[in-house]
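Take a look at the structure below.
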């Protein structure tokens, strides 16, 4: 399907679930049974790369039939250098082989030929020496930072149009200090994030899919529900990627304003709450490898039920679910 | 030396040159003699990684005694996946072995544990499975995007303090659309970039080196000299990383306001103007591999002379040069 929003929405319908899982593995939280035999490796970076991929593939095995998409956070792979990036590439391939949409949380940004390089590497195809063009990361979606303005965003839009992939542009993030820049009030009383929202809306109109949503989406934190309500109106065709549920304090009720009345328009992410669910008392009564698997799966199911039930309460479930 | 600004300023003194070279290789512009024998490789990504590293090492050989620092732009490596990142790592090691300061232009940004992962991977040390901490990219400096506010920047500051490395925070970028966000006027008539400048100044005070400059610097484009003059006053202890000279239209005169009256306080970058100098008519009369080498070297010398002479004209050369 040649539009990322169409692919994502179809997958959401298939799973009847707008919740996604962030693949943000940190080695101190990865279960010991996965580390044993690797700790004294002669090639410790390679061992960590293998560990990250094995951890992710176990999570993917448990959740691929429950959620429409996964969101690997590039920082946690890149921090281990090129062997970490190799594990990232393997994770993407495995997730795609299981039918999942893959959203890279990379928050990339630059201008001109550099932005084009990021866009082609992550959501397009790169030039090879023989003149061919090949996909590299081959992501369905990439998150992008708007601080450099529209000429920092257009090279990504070009790939959305040509390759049928998508981006989520940071508009209002979920962290406490997001307001230091994003909430600054302008002369006309609008906060900065509303200007970004207008820019996103303008760009979104150039890549509308068959289901009337754009493959240019927006990151809107679950921790600011009133803001989300306003932004929902300013960017009617953009799907919101919503961080901040669970670990960062956003509740199921808080994320409802991110959805349109048709029941679509947002995906809600949880990372640690799912992948490290085995560390919570709730799931951790008798810890075995199987318990680790079950905890992640159960946490993904619990999150789905929590969000779907909150959407049902406010009449925002898709009519045919 | 435990402060990145001290290391950078000493290297500037040694070379009597505040100009740096951006290592932004694009394969269509890399000379043919470097590509021959690699084009039909069975492992085309590995062949490109080797090409990028060989190209960079030739440039470094020609300029390491002229400039204080190089600035590899991560996008041009990352776009070829983990084998591109491997070439990036090899480039950093080679540049450091030649005594150069290395500034990664990555414009990374995120919050909380994710920002910490970027900071540790790029300018700090990461946790290994055995509990040790190892440097990965081991950069002297990384560029960072401020859109997420101070809790997106503090994890990087921590590494500046603990590891003695540095960051350059985007304040006012050189591209035409930078004003769409950065120039927006607030209720109090200040543009957004001045708020970012105040935040940079506040953060910069926590990592001042022996030479009274901070290892928290700012990216300030050469294409807006009046703005640079204002920003110079708002961030007196921050070194400015100045893009936009040459290819993007900034002249030697335009960059002078980025310097303090002591002759320090800025480094001026040129990428394509140096590394692809061999493509300019001026240097390209009889093109051989040696001519390619000479063109890069001569372009680096010409740039140094251009900037140093402009600084001399406005009385901004360090007194002892």
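Protein chains in written order, with the numbering used here: chain A, 1194 to 1514; chain B, 1194 to 1514.
All C-beta atoms in this analysis are idealised placements derived from N, C-alpha and C, irrespective of residue type, glycine included.
All values derive from a computational prediction rather than experimental measurement.
Beta carbon proximity, residue i to chain A, threshold 9 Å
| i | result |
| --- | --- |
| residue 1491 (chain B) | no |
| residue 1316 (chain B) | no |
| residue 1302 (chain B) | yes |
| residue 1273 (chain B) | yes |
| residue 1379 (chain B) | yes |
| residue 1138 (chain B) | Given a span of 1194 to 1514 for chain B in the structure shown, any question on residue 1138 (chain B) remains unanswerable. |
| residue 1327 (chain B) | yes |
| residue 1340 (chain B) | yes |
| residue 1466 (chain B) | no |
| residue 1260 (chain B) | no |
| residue 1473 (chain B) | no |
| residue 1255 (chain B) | no |
| residue 1413 (chain B) | no |
| residue 1264 (chain B) | no |
| residue 1461 (chain B) | no |
Contacts that residue i makes with chain B (C-beta to C-beta distance below 8 Å)
| i | result |
| --- | --- |
| residue 1236 (chain A) | Near residue 1236 (chain A) there are no residues of chain B at all, since even the closest Cβ is about 12 Å away, more than 8 Å. |
| residue 1373 (chain A) | 1342, 1343, 1388 and 1392 |
| residue 1385 (chain A) | 1374, 1377 and 1385 |
When the options are compared against residue i, the one with the closest alpha-carbon
| i | options | result |
| --- | --- | --- |
| residue 1265 (chain A) | A:1505, A:1468, A:1483 and A:1356 | A:1468 |
| residue 1459 (chain B) | B:1422, B:1465, B:1486 and B:1483 | B:1422 |
| residue 1284 (chain A) | A:1495, A:1246, A:1206 and A:1347 | A:1246 |
| residue 1513 (chain B) | B:1315, B:1207, B:1302 and B:1212 | B:1207 |
| residue 1355 (chain A) | A:1309, A:1323 and A:1366 | A:1309 |
| residue 1198 (chain A) | A:1353, A:1305 and A:1485 | A:1353 |
| residue 1334 (chain A) | A:1324, A:1358 and A:1220 | A:1358 |
| residue 1278 (chain A) | A:1289, A:1297, A:1263 and A:1292 | A:1297 |
| residue 1391 (chain A) | A:1419, A:1379 and A:1424 | A:1424 |
| residue 1301 (chain B) | A:1398, A:1272, A:1212 and A:1483 | A:1272 |
Extent of the continuous beta strand (DSSP E) to which residue i belongs
| i | result |
| --- | --- |
| residue 1190 (chain A) | For residue 1190 (chain A) there is no data in the structure shown, the boundaries of chain A being 1194 and 1514. |
| residue 1298 (chain A) | 1294 to 1301 |
| residue 1462 (chain A) | 1459 to 1463 |
| residue 1318 (chain A) | 1318 to 1320 |
| residue 1360 (chain B) | 1359 to 1365 |
| residue 1435 (chain B) | 1431 to 1435 |
| residue 1336 (chain B) | 1334 to 1337 |
| residue 1216 (chain B) | 1212 to 1216 |
| residue 1327 (chain B) | 1326 to 1328 |
Chain-ordered chain A contacts of residue i [CB-CB under 8 Å]
| i | result |
| --- | --- |
| residue 1269 (chain B) | 1307 and 1310 |
| residue 1352 (chain B) | Those within 8 Å of residue 1352 (chain B) in chain A number zero; the least Cβ separation is about 12 Å. |
| residue 1232 (chain B) | 1322 and 1323 |
| residue 1363 (chain B) | 1340 and 1341 |
Residue i, enclosing alpha helix (DSSP H) - first and last residue
| i | result |
| --- | --- |
| residue 1420 (chain B) | 1418 to 1427 |
| residue 1264 (chain A) | Here residue 1264 (chain A) belongs to no alpha helix (DSSP H); instead the beta strand (DSSP E) covers 1262 to 1265. |
| residue 1511 (chain B) | Here residue 1511 (chain B) belongs to no alpha helix (DSSP H), and DSSP marks it neither H nor E. |
| residue 1275 (chain B) | 1274 to 1290 |
| residue 1445 (chain A) | 1445 to 1448 |
| residue 1270 (chain B) | 1268 to 1271 |
| residue 1205 (chain B) | 1197 to 1208 |
| residue 1380 (chain B) | First-last for residue 1380 (chain B): undefined, no H or E at that position. |
| residue 1249 (chain A) | 1237 to 1256 |
| residue 1372 (chain A) | 1372 to 1375 |
| residue 1348 (chain A) | 1343 to 1356 |
| residue 1226 (chain A) | 1225 to 1228 |
| residue 1392 (chain B) | 1385 to 1397 |
Contacts of residue i in chain B (Cβ-Cβ under 9 Å)
| i | result |
| --- | --- |
| residue 1219 (chain A) | 1306, 1310 and 1320 |
Closer than 9 Å to chain B by CB, residue i
| i | result |
| --- | --- |
| residue 1323 (chain A) | yes |
| residue 1368 (chain A) | yes |
| residue 1240 (chain A) | yes |
| residue 1330 (chain A) | yes |
| residue 1228 (chain A) | yes |
| residue 1313 (chain A) | yes |
| residue 1298 (chain A) | yes |
| residue 1396 (chain A) | no |
| residue 1423 (chain A) | no |
Closer than 8 Å: residue i CB and nearest the ligand GDP heavy atom
| i | result |
| --- | --- |
| residue 1292 (chain A) | Questions concerning the ligand GDP fall outside what the structure shown contains, since it holds no ligand whatsoever. |
Closer than 7 Å at the beta carbon, the chain B residues around residue i
| i | result |
| --- | --- |
| residue 1282 (chain A) | 1274 and 1275 |
| residue 1430 (chain A) | Under the 7 Å cutoff, chain B gives no residues; its nearest Cβ is about 20 Å from residue 1430 (chain A). |
Proximal residues of chain A, C-beta to C-beta of residue i below 7 Å
| i | result |
| --- | --- |
| residue 1279 (chain B) | 1275 |
Notebook entry, point to check: With contact counted as at least three CB pairs below 8 Å, one residue from each stretch, are the stretch 1329 to 1348 of chain A and the stretch 1369 to 1385 of chain B in contact?
Noted result: yes
Margin query: Using a Cβ distance threshold of 8 Å, determine whether the stretch 1384 to 1399 of chain A contacts the stretch 1347 to 1362 of chain B, with at least three qualifying pairs required.
Written below: no
Check: Taking contact to mean at least 3 C-beta pairs separated by less than 8 Å, is the stretch 1443 to 1452 of chain A in contact with the stretch 1492 to 1512 of chain A?
Finding: yes
Check: Per the contact definition of three or more C-beta pairs closer than 8 Å, is the stretch 1451 to 1465 of chain A in contact with the stretch 1425 to 1439 of chain A?
Finding: yes
Margin query: For the stretch 1288 to 1295 of chain A against the stretch 1248 to 1259 of chain A, do three or more pairs of beta-carbon atoms, one drawn from each stretch, fall closer than 8 Å, so that the two count as touching?
Written below: yes
Note to self: Tell me whether the stretch 1485 to 1499 of chain A and the stretch 1226 to 1244 of chain B touch, counting them as touching only if at least three CB pairs, one residue from each stretch, are closer than 8 Å.
What the structure shows: no
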